[in-house]
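In the numbering used here, the protein residues as written are 270 to 449.
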């Protein structure tokens, strides 16, 4: 039976780090993972960008930078690279089967503008997988609960959420992954 887990939490709470650790752990165990995670890019402890890492290849590309960039999609203070969005969407077109799907992060571009990598929402319903993990901001909890009532949501702002998430992943994949 396939499981759907949502990770939510405030900016900087560790949603992406949790996905990144999970992706590496599962990859090390030869579990077929597909999707992406989007780590922040810092310089002198200041966040100035976001990259995207495609799974299972772990290829990394620039997703967004602070400020105005010609030809990029504006979203608040961010300029989103349309080529990176296209690259991820092309990989999403090929995702029909995986043991684990990871989609980090589904946000305003997808939910409010029906752009970005909104294909992820269809894949959650249509793809064959054992476990899917999606991340989103707390503002979208009600929306995702309504769209996916069977989803188990972990709020990483809560102290015990990562431990509970690890236990749920271990149980969902029935392997005691030792994921921290």
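Every residue gets a Cβ at the ideal spot worked out from N, C-alpha and C, and that includes glycine.
For residue 414, same chain residues with a beta-carbon under 8 angstroms away, outside a window of 5 residues either side, are 420 and 422 in chain order. When DSSP reads this structure, residue 424 sits in a beta bridge with 277.
In the displayed model, residue 413 falls within a helix according to three-state DSSP.
By the C-beta density criterion, residue 411 is exposed, having fewer than 16 other C-beta atoms within 10 angstroms. For residue 401, the CB contacts under 6 angstroms within the same chain, skipping 5 residues up- and downstream, are 273, 370 and 393 in chain order.
Under the 8 angstroms Cβ criterion, the region 363-380 counts as touching the region 299-307, having at least three qualifying pairs. Each residue's CA atom was taken as its position, placing residue 440 and residue 399 some 11 angstroms apart. Here the C-alpha atom of residue 378 lies approximately 7 angstroms from the C-alpha atom of residue 344. Residue pairing from DSSP places residue 333 in a beta bridge opposite 319 and 349. When rounded, the separation of the alpha-carbon atoms in residue 430 and residue 424 is 6 angstroms.
If you look at residue 303, you'll find it in the beta strand (DSSP E) that goes 302-306.
A direct Cα-to-Cα measurement between residue 387 and residue 395 gives close to 13 angstroms. In this structure residue 333 does not touch residue 315 by the C-beta definition: roughly 15 angstroms separates them, more than the 8 angstroms allowed. In this structure, the straight-line span from the alpha carbon of residue 281 to that of residue 309 is close to 9 angstroms. Annotation for residue 338: no beta strand (DSSP E) segment contains it, and DSSP assigns it neither H nor E. Per DSSP, residue 389 is not a residue of any beta strand (DSSP E); the alpha helix (DSSP H) it occupies stretches across 388-395. Counting only the Cα atoms, residue 384 lies some 11 angstroms from residue 349. Following the DSSP letters along the chain, one finds residue 431 inside the alpha helix (DSSP H) bounded by residues 430-442.
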